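First residue of the sequence shown: 28, per the working numbering; consecutive thereafter.
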Amino acid sequence: MTKWIIATALGLALLYLIALYNGLVRLRHEVKKSWANIDVLLKQRHDELPKLVAVCQQYARFEQDTLTRVMEARSAVRDARAKNDVPRIGALEEQLRGLLAQVWAVAEAYPELSADARFGELSARISRLEDAIADRRELYNEAVNNLNVRIETFPDTLIAQALGFTPAPPLTFAAREKADVDIAALFQR
């Protein structure tokens, strides 16, 4: 009788450990899936950038330095994506977003560029992709938080450490998003 009680207790403990492990695996896959969703959108947006640069270059007076920096930032993000360096991707994406804002600001000084249908279409498409990236980033960071909390919570932390689960980095953008809005500057445009 005692053997049955011990065997049952060990069996239940084993089932509990399996459930903990499977929960961690499920969360890790959720993080990977969420990142893949962001990566697809980043690739789509990066595919639009050479088209945007090509349209802008048709207007010879347009600032070539800004366009060159956009393409350099695009390459840097692509390299960081290849290394799956999420914190660096966040920093580089913020730099790229700032450069795109410069492109759109400078484009306002060129009425023929602003009126170009291709420029308008590309700008709208990039803007929609930006919105989708922001939405997916929220889902990714939620998945990361769920995984990281489980990794740091007892008893999951014992399984996580023993089996090599590591915290996932959130995707954050620079402080520009968090900075106070300069209302006066908005009305000076």
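Think of the CB as a built atom: it goes at the ideal place given N, C-alpha and C, for glycine as much as any other residue. From a predicted model like this one, the values you see are computed outputs, not experimental measurements.
First through last residue of the alpha helix (DSSP H) which encompasses L54
The residue labelled residue 54 in the question sits at position 27 within the sequence shown. Residues 29–84.
Mind reading off the beta-carbon distance from F200 to E120? Whole number of angstroms is fine, and I expect it under 8 Å.
Locating residue 200 in the sequence shown gives position 173, where the first residue counts as 1. Locating residue 120 in the sequence shown gives position 93, where the first residue counts as 1. With 8 Å as the limit, F200 and E120 qualify as a contact, their Cβ atoms being about 6 Å apart.
Kindly provide the ranges of any alpha helix (DSSP H) runs that are 4 or more residues long and lie completely inside the stretch 94–140, ordered along the chain.
Those alpha helix (DSSP H) runs which fall completely within the stretch 94–140 and span 4+ residues are 113–134.
Spatial distance of T180 from P196 (CA atoms)
Looking up residue 180 in the sequence shown gives position 153. Looking up residue 196 in the sequence shown gives position 169. The alpha-carbon atoms of T180 and P196 are separated by roughly 17 Å.
Check whether A134 and F146 have beta carbons under 8 Å apart
Counting from 1 along the sequence shown, the entry for residue 134 is found at position 107. Counting from 1 along the sequence shown, the entry for residue 146 is found at position 119. A contact, by the Cβ cut-off of 8 Å.
Straight-line Cα distance separating T93 from Q129:
Here residue 129 is taken as the residue at index 102 of the sequence shown, counted from 1. Here residue 93 is taken as the residue at index 66 of the sequence shown, counted from 1. The straight-line gap from Cα to Cα measures roughly 7 Å.
Taking all protein chains shown into account, do 16 or more other C-beta atoms lie within 10 angstroms of the C-beta of A187, making it buried, or fewer, making it exposed?
Taking the sequence shown and counting its residues from 1, one reaches residue 187 at position 160. Buried is the call here.
Every unbroken alpha helix (DSSP H) within the stretch 166–205, with a cutoff of 4 residues, ordered by chain
183–189, all fully within the stretch 166–205.
Below 6 Å CB to CB, which residues in the same chain sit around N64 once its five sequence neighbours on both sides are set aside?
As a first step, residue 64 is located in the sequence shown; it is residue number 37 there, counting from the start. Setting aside the 5 residues that flank it on each side, N64 is surrounded in the same chain by R163, each with a C-beta closer than 6 Å to its C-beta; the list follows chain order.
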